[in-house]
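Student: Just so you know, we're using this note's numbering here: the sequence shown kicks off at 75 and counts up by one.
Note that the Cβ used here is the ideal one computed from N, Cα and C, for glycine as well.
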Amino acid sequence: MRLRWSICALFAMLVFAPALAAQNSRINSVEPGSGKTGDTIDAAGDAVNATMVDELYLTDGTNDFKVQIVEQNDKMIKFKVPEKVKAGRYSLMIRTKGKDVKLLEQPVRFTVEA
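1. Which of helix, strand or coil does DSSP assign to Glu-187?
2. Between the C-alpha atoms of Val-163 and Val-104, what's the straight-line distance to the nearest angstrom?
3. Going by DSSP, what residue range makes up the beta strand (DSSP E) through Ser-165?
4. Using the Cα positions of Thr-111 and Gln-142, report the straight-line distance between them to the nearest angstrom.
5. Would you call the CB atoms of Ala-125 and Lys-154 closer than 8 Å?
6. Using a Cβ-Cβ cut-off of 8 Å (strictly less than) and excluding sequence neighbours within five positions of Phe-139, which residues of its own chain qualify?
7. Could you check what DSSP says for Glu-157 in three-state terms: helix, strand or coil?
Set out below in structure tokens:
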């Protein structure tokens, strides 16, 4: 009986591990904290490589603006501020990869200057 439970637990860990790992993706800071359209910005975080994070957005809670990712690794996403975004304060939001895709708003703010 214990062997059966152990096998079930191992199977569950293998099945759900990628989804759980993607949920651990997060952005901790952005540098610089403000910029203009067209500027290249660095967002530092954890588990933000291309296998975990598919897309990055600036969001004001109502409107989402997809940014162009210029460079990406496990600890950083370098992106360009889109031309169509208006001046204001935005949160960063990541879109995870995998079967259970999620949009996760991050506790990091970026100000687009006029």
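Tutor: Short version:
1. coil
2. Position check: residue 163 holds Arg in this sequence, whereas Val was assumed. Their Cα atoms are separated by approximately 13 Å.
3. 162 to 170
4. 12 Å
5. The identity of residue 125 in the sequence shown is Thr, whereas the question assumes Ala. The answer is no: Cβ separation not under 8 Å.
6. Tyr-131, Leu-132, Thr-133, Pro-156, Lys-158, Val-159, Tyr-164
7. coil
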